Amino acid sequence: MIKIKTREEIEKMRQAGALAAQLLNYIEPFVIAGVSTQHLNDLCEEFTRQRGAISAPFNYHGFPKSICTSINNVVCHGIPSADDILKNGDIVNVDVTVILNGYHGDTSRTFLIGEVDEKIKNLVSRTEKAMYRGIAAVKAGKYLSEVGKAIEKYLSKFGYSTVRSYGGHGIGSEFHEEPFVLHHFSPENKIRLEAGMIFTIEPMVCIGQNYEVVTSATDGWTVTTADGSINAQFEHTILVTSTGAEILTVI
Ligand code: MF3
Ligand code: CO
Ligand code: CO
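One gets the working numbering by counting positions in the sequence shown from 1 and adding 273 to each.
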């Protein structure tokens with residue numbers, strides 16, 4: 274069942290979303306060569322705590338850290354570590370989720386470290402654009418499948434594909450709720466959007482046609498591309514309205 278949020282819940286989601294957006298803005302200048310992803314984790318944890326909020330990933334199904342940091346061929350759920358030092362030419366997705374007054378705000382961006390290969394820079398900028406194409410497809414009365422359709426249509430021009438085993442998700446008082454939002458066209462998402470639905474759009478974009486992924490047997494979390502290729506992701510939490518989508522993870 275997809276929850277329709279009340280006016281009060283929507284207001285709390287706006288506040289949680291704004292805090293998540295502030296957190297990403299805060300961390301951005303620290304995302305540079307030489308820094309460990311553990312340090313980014315600690316700064317985010319402190320920022321969140323100081324504002325009376327909770328880092329949702331920490332202990333979520335046993336996840337060990339407060340944010341996800343996914344470098345290069347890591348698709349999602351990368352675990353921050355003191356041993357993972359960002360270096361020139363890397364890309365890293367920083368995915369933050371805060372709980373403020375019982376409601377979640379979930380957003381991520383992929384950052385470039387120093388000078389990044391042109392092909393990879395293009396992947397990153399097109400991934401962000403793909404997310405906005407998906408957001409632009411949202412409106413009460415339309416099908417949820419329009420989101421994946423718009424993303425797929427845009428990315429196919431470049432020969433890119435999106436990961437299928439992970440997707441966007443409903444969000445509210447729970448971190449992950451229905452619906453499961455696909456980033457490619459599928460009749461599975463033939464669901465009518467209604468004003469008051471809230472979900473994330475968070476395409477994980479592969480540079481080629483191979484969208485298969487593998488989960489680490491060692492840590493049980495880190496998801497990488499099966500072929501070792503680079504992957505980029507952006508994420509916003511959005512509210513369905515009668516005129517379109519309101520992005521909640523903005524300031
Ligand atoms: N923030 C991720 C998402 O966009 C979920 C992370 S779950 C965790 O859905 F346990 F890895 F933190
Ligand atoms: Co999410
Ligand atoms: Co997220």
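Just so it is clear, CB atoms sit at the ideal spot from N, CA and C, and this is done for glycine as well. Fair warning: this is a prediction, and the values are worked out from it, not measured in the lab.
So is residue i buried or exposed if we call it buried at 16+ other beta carbons inside 10 Å?
{"i": "Arg465", "result": "exposed"}
{"i": "Gln295", "result": "buried"}
{"i": "Tyr490", "result": "Strictly speaking, residue 490 in this sequence is Ala, with Tyr absent from that position. Exposed."}
{"i": "Ser343", "result": "buried"}
Mapping the DSSP letters down to three states, classify residue i as helix, strand or coil.
{"i": "Ala505", "result": "strand"}
{"i": "Arg280", "result": "helix"}
{"i": "Val365", "result": "strand"}
{"i": "Met477", "result": "strand"}
{"i": "Ala272", "result": "With the chain running from 274 to 524 in the structure shown, residue 272 is simply not present."}
{"i": "Phe320", "result": "helix"}
{"i": "Arg406", "result": "helix"}
{"i": "Leu373", "result": "strand"}
{"i": "Pro353", "result": "coil"}
{"i": "His442", "result": "strand"}
{"i": "Thr342", "result": "strand"}
{"i": "Phe303", "result": "helix"}
{"i": "Glu450", "result": "strand"}
{"i": "Ser398", "result": "helix"}
So is the beta-carbon of residue i under 7 Å away from any non-hydrogen atom of ligand 2?
{"i": "His442", "result": "yes"}
{"i": "Glu450", "result": "no"}
{"i": "Glu301", "result": "no"}
{"i": "Asp500", "result": "no"}
Report whether the distance from the Cβ of residue i to the nearest heavy atom of ligand 1 is below 7 Å.
{"i": "Glu461", "result": "no"}
{"i": "Pro476", "result": "no"}
Looking at ligand 3, does it come within less than 7 Å of residue i, judged from the CB to the closest heavy atom?
{"i": "Ser328", "result": "no"}
{"i": "Glu447", "result": "no"}
{"i": "Glu401", "result": "no"}
- Item | Cβ pair count under 8 Å reaching 3, the stretch 443–454 against the stretch 392–401 | no
- Message: If contact is defined by three or more beta carbon pairs under 8 Å, each pair taking one atom from either stretch, is the stretch 410–427 in contact with the stretch 449–459?
- Response: yes
- Check whether the stretch 409–417 touches the stretch 312–332, taking contact to mean three or more Cβ pairs, one atom from each stretch, closer than 8 Å. no
- On the three-pair Cβ rule with 8 Å, is the stretch 277–290 touching the stretch 377–386? yes
- Counting pairs of beta carbons, one from the stretch 358–366 and one from the stretch 274–288, are three or more of them closer than 8 Å? no
- Query: Does the stretch 467–475 come close enough to the stretch 504–520 that 3 or more CB-CB pairs lie under 8 Å?
  - Reply: yes
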